[in-house]
Amino acid sequence: MDEFRKKYLRQKIGIALLQVRVLDLIRRDPDLSTEELCSEAKELGNNYGLNSNHLEQIAEIIASYGEARKAIMDFRDQYPNDRDLYRVLFGRDPIGRVKVFCGPIILHFHCNNLEDYTRIFFNLFYSVQEVTEDQKRIADLSVGVFLRNAPFESLIGTITAEKLSWLKRLERMILGWLSISVYDHEEQHAIYSLLSDVFLDGWEYEQRELCLAKELRSLRTQLKEVQSEQARLVLSVLYYLQVATKNALEDARDEILASLIGGRNPGGIFEKLIVVDVDGEYYDFFYRSYSKLEKEISSYPEASKNFIIQAMRDTRMKYINILWRSLGAVKKIKKMGFSTKELVALLTWEPVIRWPRLAQQIKNLIE
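For the sequence shown, the numbering used here assigns the number 22 to the initial residue and increments by one for each residue that follows.
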């Protein structure tokens, strides 16, 4: 590895370590001003060899954190009673007991009643819709949820919830009301969402998805050139499969990072991401697009349909293999001496498909 690559990799690791340190500062004192946090970040950044561009990006993240923190505290100050806060967000009083924990960047709901939790799970803000038994059954399969929406714009990406089962009630009696693993898992989703809003969204990021971006560009070129309607149909499906893979990997990364923070090991995470549960398991992100396409192609010409079905199977296997290799890389990086928080911070900035290469680069740097 040449000196430039070594320096670049050290900066990546430095950004991850700085992210962990700043988050630790925030958790110890959530009300530190953005100026104080930026000052700490600058000092840490200089120690880790980061340049001015890195520090500007970090300052932008801290500013976004400050806005989210202020929105949460303003809302909490306005509604200090937990039941009132639930009612303002969801348009009706909770049926059971609801407790709200105000974290640095999230409002975390603890629900004793399944219907109350289901209303949060399905984002039923101000909805006159009654919670159905089917919705309760699906929500009951989960233990926690992070909402990507909110009835107030300033609270988008800040609402999480946890379902308090009888086992969790026992844990609460022993360890206190806040279940750390579920809380940390859902908070990590909020952290990832905040970082995504600042840096990880948009077409520019999509282009950095290595071979996927290359394949997408190739398919777009072919779509412009072909004249046959059947050929265009097949190419359109192939394009859809590549986009579906890219989106599924992005969703998988978010879930992998949250699961690592929540205490799951890479093997358990892999199984969680590829097993389609008949009762509604929803962590196989690629299968969502796969199942939609299965229904869509039922009316296609037989020759095209057979080709597309094989392409779907091949693409799904490619997706699963990427996850397998990438989670194997996670285990390797963890063994190199990184804490779970440092590992998650490092992987946050790296597309899933690049994790094996990152593991090899770190190994080369250490050796």
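Heads up, the beta-carbon is just placed ideally off N, CA and C, and yes, glycines get one too.
Bear in mind that the values here come from a model prediction, so they are computed numbers and not experimental data.
Problem set entry | Exposure of D52, with buried meaning 16 or more beta-carbon neighbours within 10 Å | exposed
Exercise. Which same chain residues, not among the five before or five after L199, have their C-beta less than 7 Å away from its C-beta?
Worked result: Any reading at L199 must be qualified, since the residue scores a pLDDT of 46, below 50, and its modelled position is unreliable; the value itself is stated next. F122, listed in sequence order.
Exercise. Nearest CA to the CA of I341: which residue from F291, A324, E317?
Worked result: F291
Problem set entry | Three-state class that DSSP yields for V11 in the structure shown | Residue 11 lies beyond the stretch modelled for the chain, which goes from 22 to 388, so this question has no answer here.
For this session: Return the chain-ordered ranges of every alpha helix (DSSP H) run that is complete within the segment 148-192 and spans a minimum of 4 residues.
Result: 154-161
Exercise. Residues bridged to K120 by DSSP?
Worked result: H131
For this session: Starting from Y311, trace the alpha helix (DSSP H) both ways and give me its first and last residue.
Result: 306-317
For this session: Could you please give the first and the last residue of the uninterrupted alpha helix (DSSP H) stretch that includes F359?
Result: Note, F359: premise wrong, no alpha helix (DSSP H); not H, not E.
Exercise. Alpha helix (DSSP H) containing R31: first to last residue?
Worked result: 24-49
Problem set entry | Residue closest to E78, alpha-carbon to alpha-carbon, out of A89, V351, L215, I127 | For clarity, residue 78 is Gln in the given sequence; the question names Glu instead. Nearest option by C-alpha distance: L215.
For this session: May I have the straight-line CA-CA distance separating K157 from I116, to the nearest angstrom?
Result: 14 Å
Problem set entry | CA nearest to the CA of D155, picked from V166, F142, Y147 | F142
Problem set entry | Pairwise C-alpha distance: I212 and D275 | 10 Å
Exercise. Quick one: Cα of D326 to Cα of V255, how far?
Worked result: This sequence places Lys at residue 326; Asp is not what is there. Cα-Cα distance, rounded: 9 Å.
For this session: Indicate the three-state DSSP secondary structure (helix, strand or coil) for V351 in the structure shown.
Result: helix
Problem set entry | Where F328 sits in the DSSP three-state scheme | helix
Exercise. Among the residues of its own chain, which have a CB less than 8 Å from the CB of I295, if the five just before and after it don't count?
Worked result: D305, I341, L344
For this session: Within the same chain, show all residues whose beta-carbon is closer than 6 Å to that of Y261, passing over the 5 residues directly before and after it, in chain order.
Result: none
Exercise. R334: buried (16+ other C-beta within 10 angstroms of its C-beta) or exposed?
Worked result: exposed
Exercise. Does DSSP put S54 in a helix, a strand or coil?
Worked result: coil
Exercise. What is the C-beta distance between F130 and A182, in whole angstroms, given that I count them as a contact (C-beta under 8 Å)?
Worked result: 4 Å
Exercise. When you compare only the Cα positions, how much space is there between E57 and A92?
Worked result: 19 Å
For this session: Quick one: residues in its chain with C-beta nearer than 8 Å to the C-beta of D103, no 5 flanking neighbours on either side, listed in chain order?
Result: V119, K120, V121
For this session: Measure the CB-CB distance between E363 and V43 and report whether it falls below 7 Å.
Result: no
For this session: Spatial neighbours of P377 within its chain, please: CB distance less than 8 Å, with the 5 preceding and 5 following residues excluded, ordered by chain position.
Result: R346, S347, G349, A350
Exercise. Taking the alpha-carbon positions, what's the G66 to V203 distance?
Worked result: 31 Å
For this session: Thinking F146 and G178 are a contact (beta carbons under 8 Å), I'd like their distance in whole angstroms, please.
Result: Contact doesn't hold; Cβ gap of about 14 Å is too wide.
Problem set entry | L162, buried or exposed, once every other Cβ within 10 Å from all chains shown has been counted against 16 | exposed
For this session: Return yes when the C-beta of N72 is under 6 Å from any heavy atom of the ligand ZN, and no when it is not.
Result: This structure lacks the ligand ZN, and indeed carries no ligand of any kind.
Exercise. Alpha carbon to alpha carbon, how far is L281 from S320?
Worked result: 42 Å
For this session: Have a look at G358 and V373 and give me their C-alpha separation to the nearest angstrom.
Result: 20 Å
Problem set entry | Which of helix, strand or coil DSSP assigns to N342 | helix
Exercise. Between the C-alpha atoms of D50 and L135, what's the straight-line distance to the nearest angstrom?
Worked result: 33 Å
Problem set entry | Span separating the alpha-carbon of L367 from that of S54 | 25 Å
For this session: Compute the beta-carbon to beta-carbon distance between E208 and I127, rounded to the nearest angstrom, for a pair I have assumed lies under 8 Å.
Result: 6 Å
Exercise. With distances taken between CB atoms, is the gap from P287 to K352 smaller than 7 Å?
Worked result: yes
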